[in-house]
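**Student:**
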Amino acid sequence: MRTTAMVMLIVFAAIFLNFVLAVVGLTDLLSAFINGLGLSPMQTMVVIVLAFMLLGCFIEAFSLLLIATPLLAPIVADLGFDLIWFGILMMLMLETALITPPIGVNLYVIQGVRGQGSIVDVIVGALPFLLALVGMIVLLLIFPQIALWLPEAIS
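Counting the sequence shown from 1 gives a position; the working numbering is that position plus 22.
1) Using 8 Å for Cβ pairs, my map puts threonine 49 next to leucine 87. What's the rounded Cβ distance?
2) Determine the contact status of threonine 118 and leucine 170, defining contact as a CB-CB distance below 7 Å.
3) Check each candidate in Leu163, Gln65, Gly137, Ser85 and name the one with the smallest Cα separation from isoleucine 125.
4) Count the other CB atoms, across all protein chains shown, that sit within 10 Å of the CB of glycine 78; report buried if there are 16 or more and exposed otherwise.
5) With DSSP run on the structure shown, which of helix, strand or coil describes threonine 122?
6) In the structure shown, what three-state DSSP assignment does leucine 101 receive?
7) Roughly how far, in whole angstroms, is the beta-carbon of isoleucine 103 from the beta-carbon of methionine 67, given that I think they are within contact range, below 8 Å?
8) Taking the alpha helix (DSSP H) that leucine 39 falls in, what are its first and last residues?
9) Where does glutamate 82 fall in DSSP's three states?
10) Considering Cα atoms alone, identify which of Asn57, Ile89, Gly137 is closest to phenylalanine 38.
11) Would you give the residue range spanned by the alpha helix (DSSP H) that proline 173 belongs to?
12) Does phenylalanine 74 pass the burial test, meaning 16 or more other C-beta atoms within 10 Å, or should it be called exposed?
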């Protein structure tokens with residue numbers, strides 16, 4: 023019950039933050055700023071992915087999801103990208119954030135279960151998985167059809 027209450031408090035705070043950001047007009051300002059950069063849609067997505075990777079190093083994944091989604095989804099839709107594709111890409115970026123030091127929560131969970139040795143050993147052990155996730159993100163940027171194949175086959 024305490025854990026559920028804590029998670030719901032985080033969700034409520036994120037919803038309130040997103041409401042405040044929308045009222046202040048930050049989403050419109052951010053969209054205008056990104057459009058004013060003069061980048062192509064794919065270059066803009068690369069900038070978003072790099073920013074997400076950087077933020078993932080310092081913000082916990084669930085908080086990052088709740089903060090970034092309402093800001094980025096309208097921008098990505100305006101760029102002409104499929105939101106299902108972006109949702110899958112965002113989940114991969116969040117998974118990457120979970121194993122990226124220094125805030126990678128899963129690294130500390132594994133270290134807690136191990137109970138011995140150094141966290142550095144866990145970080146080194148997670149590097150192949152981090153590289154695999156980055157590779158998957160690059161593949162999705164190059165070939166978005168990978169993520170859209172099943173939804174298109176169903177509809």
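For every residue, glycine included, the Cβ atom is placed at its ideal position computed from N, Cα and C.
**Tutor:** With the structure as the only source:
1) That pair is no contact at about 16 Å.
2) no
3) Ser85
4) buried
5) coil
6) coil
7) Sequence inspection shows phenylalanine at residue 103; the isoleucine mentioned does not correspond to that position. Phenylalanine 103 to methionine 67, Cβ: 7 Å. Contact.
8) 24–46
9) coil
10) Ile89
11) 167–176
12) buried
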